[in-house]
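Reviewing the structure listed below.
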Amino acid sequence: MPGGDFHPWLFFILAAWILICGLGVVAFKKVMYSAASMVACFLGVAFAYALLNAPLVAVVQILVYVGAISIVIIFAIMLTEVQDGGYDLFFNRQAVLAAPLAVAAAAVLTVVVVTADVGQIGDKALNPSVKGISLLLFKGYVFPFELVSLVLVAAMIGALVLARKEEEKS
Amino acid sequence: MNAGNAVVVILPGVVVAVGAFVVFLVDLFVARKAVLAWIAAAGLITGAAVAVGQWISVSNGLHFNARKPQTGFAGMVSLDKYALFCVVLFAGIGVATIMLSDAYLARRKAARGEFYGLLLLVITGMIGMVVSTDVVAFFVSFELMSLPTYVLAGYLWRDERSGEASIKYFVTGAFSSAILAFGLALVYGASGQTTYSGIAAGLAKLSGLDARGFLVVAFVLVVTGFGFKISAVPFHNWAPDVYEGAPTPVTAFMATGVKAAAFAGFARLFVAAAGLQWQTWAHTMTILAVLTMVVGNVLALPQRNLKRMLAYSSIAHAGYLTLGLIAAGTSGKPLGIAAILFYLFAYALMNLGAFGVLIWIRNRRKFAYTLGEIGGLARTMPWAAILMAVFMVSLTGIPPTIGFWGKFYLFTAVVQANLTWLAIVAVIMSSVSAYYYLRVVWYMYFREAPQGAEMEAEPKSSQLGVTVAVSLAAAGVLVVGLFPEPLLKAAEGAVRLIFGG
Chain A
876 MPGGDFHPWL FFILAAWILI CGLGVVAFKK VMYSAASMVA CFLGVAFAYA
926 LLNAPLVAVV QILVYVGAIS IVIIFAIMLT EVQDGGYDLF FNRQAVLAAP
976 LAVAAAAVLT VVVVTADVGQ IGDKALNPSV KGISLLLFKG YVFPFELVSL
1026 VLVAAMIGAL VLARKEEEKS
Chain B
121 MNAGNAVVVI LPGVVVAVGA FVVFLVDLFV ARKAVLAWIA AAGLITGAAV
171 AVGQWISVSN GLHFNARKPQ TGFAGMVSLD KYALFCVVLF AGIGVATIML
221 SDAYLARRKA ARGEFYGLLL LVITGMIGMV VSTDVVAFFV SFELMSLPTY
271 VLAGYLWRDE RSGEASIKYF VTGAFSSAIL AFGLALVYGA SGQTTYSGIA
321 AGLAKLSGLD ARGFLVVAFV LVVTGFGFKI SAVPFHNWAP DVYEGAPTPV
371 TAFMATGVKA AAFAGFARLF VAAAGLQWQT WAHTMTILAV LTMVVGNVLA
421 LPQRNLKRML AYSSIAHAGY LTLGLIAAGT SGKPLGIAAI LFYLFAYALM
471 NLGAFGVLIW IRNRRKFAYT LGEIGGLART MPWAAILMAV FMVSLTGIPP
521 TIGFWGKFYL FTAVVQANLT WLAIVAVIMS SVSAYYYLRV VWYMYFREAP
571 QGAEMEAEPK SSQLGVTVAV SLAAAGVLVV GLFPEPLLKA AEGAVRLIFG
621 G
């Protein structure tokens, strides 16, 4: 088990929690239940970060995902009066082919990742302090960090373009 | 490395990004929206000019060390001829797209400011993909390229098919981005590094360990993300629907620009970070290339819609291009990558031209992009028909066009890598493609025009941009077709430094 000194079972319980909540997001008929399920899923991921000795990432996860993003999603649901979906969207003809393939892919990934011997190279990234992360973010990784701001601008303007009503007057 | 030097390394990208914001701002204050096209084009041309200047500096060793790439931002970006070659190509594709778009958008009464601004942001992301030498920077650039493209595909969302194209592209695209991120995370897990050179060194240390299966899985995931963006079989199913539904200038841009950036960016990642591990991803790539060439060409045969036909044709060309990666990986020589750069240039010219002719017709009359509707085009729009014939001949790969030389260099690289059977498959598939490309020519010249194909008396907006862009593309196809040496020399010079040799 990589990272922290917690009991592996704690991780498995948490993983099960995250998976069940993730399944809830796609399986609930009422979209509001899906949203609530997603909040619970985010919370589980935050706990996972905390267990892996990454307290800052855990706190950011709670602030950004559990807090801000969840609220925005719930606002969006309330404002747009989304209709509840049926299970015909959940189980369609493609599921017959997709489900076995997905299970097979998951099995292959699990076996390979668990059995492969790639050493312990990734360990040095653990136990990051706030100071360490700040240094990484504003020194080593400043280029992608600044690039993300462009991605956000593009996403924002793109959303406005797709949502607006009027046409060009000319 | 101080901050000033680091900005110099990414200067062309910075110029294009600034161009995007100038377009967004000026859009607020001017009533004549045609101005925006000029501003956006000026931003791209300035970016390309900076790149050309840097190319000359690098060649002459004026301000940069000609033997070592200039790096910046803790080795995350690199200024070298490979990136600069691609910057010029992307800027050219961008300018051509703007020329093809203006009359089209004005006619559809679509807002042009956001269109050009988003287009420039996409190109910024494309430039980021080729200057990046670090998987984090690469992935963020990849997303900067992808996100606005989803919006552009749905730009005319009142048209049901444009909206459908956007949603389809977005859902499958977001999914494939996640798979790519997973693959890159596994690569990081195996190497402990995020820079390409660090990954190469980290993976080399794994030789004694039982990591082969792990690496194969990681590379398959990365290749899946790559295969989606270049619409390689079996990740191609989105392409025909999205290409058909998206506004035609956006389709032209996706088929040339996004594909070029995906190839150039991933080629760098594959060769620089994982070139030494070629054995672990050889099979994946070979299967991908053969499937893509065969399925793309065969499914293009029955298409009656020209946009769908060009979509399947673009799938087939992705298959040819993948051969360049296989040649480079197998032989360890840079010729395959140089052939890819040459082919991307050729493909951009002939495909932008072919889509440009479709836009040209669409701007002049009712046109649903079907094969029957271009019947008799040689009489109604003779100039457009001649140019379209040039592009179709070039796409087939018949001399003396640029398309012939593109295929010639690619297949030569494959043969030199001792993969003659792959070259034979590619040649057979190219001759299959002659059927659906030359059928277009046959319809234009030997079929009667359908009922109701009358021209509009005088189109409302100027066609100048489209006609100039298409004519320039055709001139490029023929001139480079007659004198391919300089472009090939440039492509070879571009790959020499970063791939050794």
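Taken in sequence, the protein lines are chains A and B.
Residue numbering for the first sequence is 876 to 1045, as defined by the numbering used here.
Residue numbering for the second sequence is 121 to 621, as defined by the numbering used here.
Glycine is no exception: its CB is placed at the ideal position from the N, C-alpha and C atoms.
All figures in this text were calculated on a predicted structure; none of them were measured in a lab.
field: Buried versus exposed call for B/Tyr555 [16 or more other C-beta atoms within 10 Å across all chains shown]
entry: In the second sequence, the residue the question calls residue 555 of chain B occupies position 435. Looking at its Cβ environment, which holds fewer than 16 other Cβ atoms inside 10 Å, B/Tyr555 is exposed.
message: What does DSSP give as the partner residue(s) for B/Ser198 in the beta ladder?
response: Working through the second sequence from its first residue, we reach residue 198 of chain B at position 78. Its beta-bridge partners are B/Thr191.
- prompt: Looking at the unbroken alpha helix (DSSP H) that takes in B/Thr536, where does it start and where does it end?
  reply: Taking the first residue of the second sequence as position 1, residue 536 of chain B is located at position 416. Just to set this straight, residue 536 of chain B is Gln in the shown sequence, not Thr. Run containing B/Gln536: 522-536, per the alpha helix (DSSP H) assignment.
task: Find the residues of chain A that neighbour B/Asp279, judging by a C-beta separation of less than 9 Å, and give them in chain order.
output: Working through the second sequence from its first residue, we reach residue 279 of chain B at position 159. Correct list: empty, because the minimum Cβ distance to chain A is about 13 Å.
- request: Could you tell me which residues DSSP pairs with B/Ser425 in its beta bridges?
  value: Along the second sequence, read from residue 1 onward, the residue named residue 425 of chain B stands at position 305. The amino acid occupying residue 425 of chain B in the given sequence is Asn; Ser does not appear at that position. Note: B/Asn425 sits in a beta bridge opposite B/Thr490.
task: Indicate whether at least one CB of chain A lies closer than 8 Å to the CB of B/Asp222.
output: Counting from 1 along the second sequence, the entry for residue 222 of chain B is found at position 102. No, no contact with chain A.
query: Can you find a CB in chain A that lies within less than 8 Å of the CB of B/Met121?
result: The residue given as residue 121 of chain B occupies position 1 in the second sequence. Here the model assigns B/Met121 a pLDDT of 45, short of 50, so the residue's position is not dependable, and the following value carries that caveat. No, B/Met121 lies away from the interface with chain A (no Cβ there is under 8 Å from its Cβ).
- prompt: Nearest CA to the CA of B/Asp200: which residue from B/Val242, B/Gly181, B/Ile213?
  reply: Residue 200 of chain B sits at position 80 when you count from the first residue of the second sequence. Out of B/Val242, B/Gly181, B/Ile213, B/Gly181 has the C-alpha closest to the C-alpha of B/Asp200.
field: B/Gly333: contacting residues in chain A (beta-carbon distance under 8 Å)
entry: For the purposes of this step, residue 333 of chain B is taken as the residue at position 213 of the second sequence. Those within 8 Å of B/Gly333 in chain A are Val987, Thr990, Ala991.
- prompt: What number of angstroms, rounded off, separates the C-alpha of A/Glu1021 from the C-alpha of B/Trp277?
  reply: By 1-based counting over the first sequence, the position of residue 1021 of chain A is 146. By 1-based counting over the second sequence, the position of residue 277 of chain B is 157. So the alpha carbons of these two residues sit roughly 31 Å apart.
field: Cβ-based neighbour list, B/Tyr289, same chain, cut-off 7 Å, excluding 5 preceding and 5 following
entry: Taking the first residue of the second sequence as position 1, residue 289 of chain B is located at position 169. Here the set comprises Tyr270, Ala273, Trp358, Val362.
field: Host alpha helix (DSSP H) of B/Val242 (start-end)
entry: Numbered from 1 along the second sequence, position 122 holds the residue referred to as residue 242 of chain B. Where B/Val242 is concerned, the enclosing alpha helix (DSSP H) stretches over 233-251.
field: First through last residue of the alpha helix (DSSP H) which encompasses B/Ile350
entry: To locate residue 350 of chain B, count along the second sequence from 1; it is residue 230. Premise fails: B/Ile350 is in no alpha helix (DSSP H) and is neither H nor E.
- prompt: Using the beta-carbon count (16 or more within 10 Å), is A/Met953 buried or exposed?
  reply: Looking up residue 953 of chain A in the first sequence gives position 78. Label assigned to A/Met953: exposed.
Buried/exposed call for B/Tyr295, threshold 16 Cβ in 10 Å: The residue you call residue 295 of chain B lines up with position 175 of the second sequence. It is worth fixing the name first, because residue 295 of chain B is Phe in this sequence and not Tyr. Exposed, since its Cβ has fewer than 16 Cβ neighbours within 10 Å.
- prompt: Between the stretch 202-222 of chain B and the stretch 234-242 of chain B, do three or more beta carbon pairs fall short of 8 Å?
  reply: yes
Straight-line gap, B/Ile481 to B/Thr500 (C-alpha atoms, nearest Å): As a position in the second sequence, residue 481 of chain B is number 361, starting the count at 1. As a position in the second sequence, residue 500 of chain B is number 380, starting the count at 1. Using only the alpha carbons, I get a separation of about 10 Å.
- prompt: What does B/Ser260 touch in chain A if you count any residue whose Cβ is under 9 Å from its own?
  reply: Here residue 260 of chain B refers to the residue found at position 140 when the second sequence is read from its first residue. Position check: residue 260 of chain B holds Val in this sequence, whereas Ser was assumed. Here the neighbours are Phe1018, Pro1019, Phe1020, Leu1022, Val1023, Leu1025, Val1026.
field: Candidates B/Val336, B/Ala320, B/His356, B/Phe258: closest to B/Thr292 by CA position
entry: Locating residue 292 of chain B in the second sequence gives position 172, counting from the first residue. Among B/Val336, B/Ala320, B/His356, B/Phe258, the Cα nearest to that of B/Thr292 is on B/His356.
Any chain A beta carbon closer than 8 Å to B/Val197: Translated into positions along the second sequence, residue 197 of chain B becomes position 77. Closer than 8 Å: yes.
Beta-ladder partner(s) of B/Asp254, from DSSP: Counting from one through the second sequence, the residue named residue 254 of chain B turns up at place 134. Answer is B/Thr315.
task: Give the residues of chain A in contact with B/Ala468, contact being defined as C-beta atoms less than 7 Å apart.
output: On the second sequence, residue 468 of chain B is found 348 positions in, with the first residue counted as 1. Under the 7 Å cutoff, chain A gives no residues; its nearest Cβ is about 23 Å from B/Ala468.
field: Inter-residue spacing [alpha-carbon to alpha-carbon] between B/Val552 and B/Gly416
entry: Here residue 552 of chain B refers to the residue found at position 432 when the second sequence is read from its first residue. Here residue 416 of chain B refers to the residue found at position 296 when the second sequence is read from its first residue. Using only the alpha carbons, I get a separation of about 11 Å.
query: What do you get for B/Ala488, buried or exposed, if any count of 16 or more other CB atoms within 10 angstroms of its CB means buried?
result: Against the second sequence, residue 488 of chain B aligns to sequence position 368. It counts as exposed.
message: Run through chain A and tell me which residues come within less than 9 Å of B/Gly473, C-beta to C-beta.
response: Here residue 473 of chain B is taken as the residue at index 353 of the second sequence, counted from 1. Those do not exist, as B/Gly473 stays about 27 Å from chain A at its closest Cβ, beyond 9 Å.
- prompt: Taking DSSP as the reference, what is the three-state secondary structure of B/Lys453?
  reply: Taking the second sequence and counting its residues from 1, one reaches residue 453 of chain B at position 333. Looking at B/Lys453 - three-state DSSP - the assignment turns out to be coil, as it is neither helix nor strand.
message: Below 9 Å on C-beta distance, what does B/Glu284 contact in chain A?
response: The sequence position of residue 284 of chain B within the second sequence is 164, counting from 1. Within chain A, no residue comes near B/Glu284; the closest Cβ sits about 13 Å away, beyond 9 Å.
- request: Could you list which residues in chain A have their beta carbon closer than 9 Å to that of B/Ala257, in chain order?
  value: Counted from its first residue, the second sequence places residue 257 of chain B at position 137. Tyr1016, Phe1018, Pro1019, Leu1022, listed in chain order.
field: C-beta contact flag for B/Thr406 and B/Tyr467 at 8 Å
entry: As a working mapping, residue 406 of chain B is identified with position 286 in the second sequence. As a working mapping, residue 467 of chain B is identified with position 347 in the second sequence. No; because the gap between Cβ atoms is not below 8 Å, this pair is not in contact.
query: What is the rounded straight-line gap between the Cα of B/Tyr308 and the Cα of B/Thr540?
result: In the second sequence, the residue the question calls residue 308 of chain B occupies position 188. In the second sequence, the residue the question calls residue 540 of chain B occupies position 420. Going by the C-alpha atoms only, they are around 35 Å apart.
- prompt: Pick from B/Gly345, B/Ser261, B/Gly523, B/Met249: whose alpha carbon is nearest that of B/Ala594?
  reply: In the second sequence, residue 594 of chain B corresponds to position 474, counting from 1. Of the candidates B/Gly345, B/Ser261, B/Gly523, B/Met249, the one whose C-alpha sits nearest the C-alpha of B/Ala594 is B/Gly523.
message: I want to know whether the stretch 885-896 of chain A touches the stretch 937-945 of chain A - three or more CB-CB distances under 8 Å.
response: no
task: Note down, in chain order, every chain B residue with its Cβ under 8 Å from the Cβ of A/Ile893.
output: The residue labelled residue 893 of chain A in the question sits at position 18 within the first sequence. Per Cβ cutoff of 8 Å: no residues; A/Ile893 is ~16 Å from chain B at best.
task: Using 10 angstroms around the beta-carbon of B/Ala505, count the other beta-carbons present and answer buried if the total reaches 16, otherwise exposed.
output: Position 385 of the second sequence, counting from 1, holds the residue named residue 505 of chain B. Classification of B/Ala505: buried, given that the 10 Å Cβ count is 16 or more.
field: B/Lys379 - containing alpha helix (DSSP H), residue span
entry: Position 259 of the second sequence, counted from the start, is the residue given in the question as residue 379 of chain B. 379-394 is the span of the alpha helix (DSSP H), which, as asked, contains B/Lys379.
- request: Just the C-alpha distance for B/Pro354 and B/Leu602, rounded to the nearest angstrom, thanks.
  value: As a working mapping, residue 354 of chain B is identified with position 234 in the second sequence. As a working mapping, residue 602 of chain B is identified with position 482 in the second sequence. Approximately 36 Å between the Cα atoms of the pair.
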